[in-house]
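Novice: Got a structure for you, questions after.
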Amino acid sequence: MQITITPPLAPEDRLFLEDAAEGGALAHRARIVLLAAEGMAVKDIVTTLGVSKPTVILWRKRYAAEGIAGLADRPKPGRPRRVRPVVP
1 MQITITPPLA PEDRLFLEDA AEGGALAHRA RIVLLAAEGM AVKDIVTTLG VSKPTVILWR
61 KRYAAEGIAG LADRPKPGRP RRVRPVVP
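Count the sequence shown with UniProt numbering and you get residues 1 to 88, in order.
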């Protein structure tokens, strides 16, 4: 039996995550944190959401370390994309 430890969710965090879980870029991340907060084991979250174990572990750790802000996208390394105008 796997024991999971997740920091308790503040009421405002729970509301934000429940809204985010309904769609958008944060949907999977929010669902991972909500299920972990309910006490669901990592392997069960993997099965339920169809994501990898490293993904679940990553987002649980980021939330534990940084809170809601940790669930946002981080800047990608490398040179920024260059958009060229479309010529008809």
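Note that the Cβ used here is the ideal one computed from N, Cα and C, for glycine as well.
Which stretch, first to last residue, makes up the alpha helix (DSSP H) that contains proline 11?
Specialist: The residue labelled residue 11 in the question sits at position 11 within the sequence shown. Looking at the DSSP string, the run of the alpha helix (DSSP H) that includes proline 11 is 11-20.
Novice: When you compare the CB positions of leucine 17 and leucine 34, do they come within less than 8 Å of one another, or not?
Specialist: Counted from its first residue, the sequence shown places residue 17 at position 17. Counted from its first residue, the sequence shown places residue 34 at position 34. Yes, they are a contact pair.
Novice: Taking the continuous alpha helix (DSSP H) assigned at alanine 41, which residues delimit it?
Specialist: Residue mapping note: residue 41 aligns to position 41 of the sequence shown, counting from 1. Where alanine 41 is concerned, there is no enclosing alpha helix (DSSP H), given that its DSSP letter is neither H nor E.
Novice: Taking just the CA atoms, how far does lysine 76 sit from methionine 1?
Specialist: Here the question's residue 1 lines up with position 1 in the sequence shown. Here the question's residue 76 lines up with position 76 in the sequence shown. Bear in mind that the predicted position of methionine 1 carries a pLDDT of just 49, short of 50, making it too unreliable to give a figure here.
Novice: At which residues does the alpha helix (DSSP H) containing proline 80 begin and terminate?
Specialist: Position 80 of the sequence shown holds residue 80. Here proline 80 belongs to no alpha helix (DSSP H), and DSSP marks it neither H nor E.
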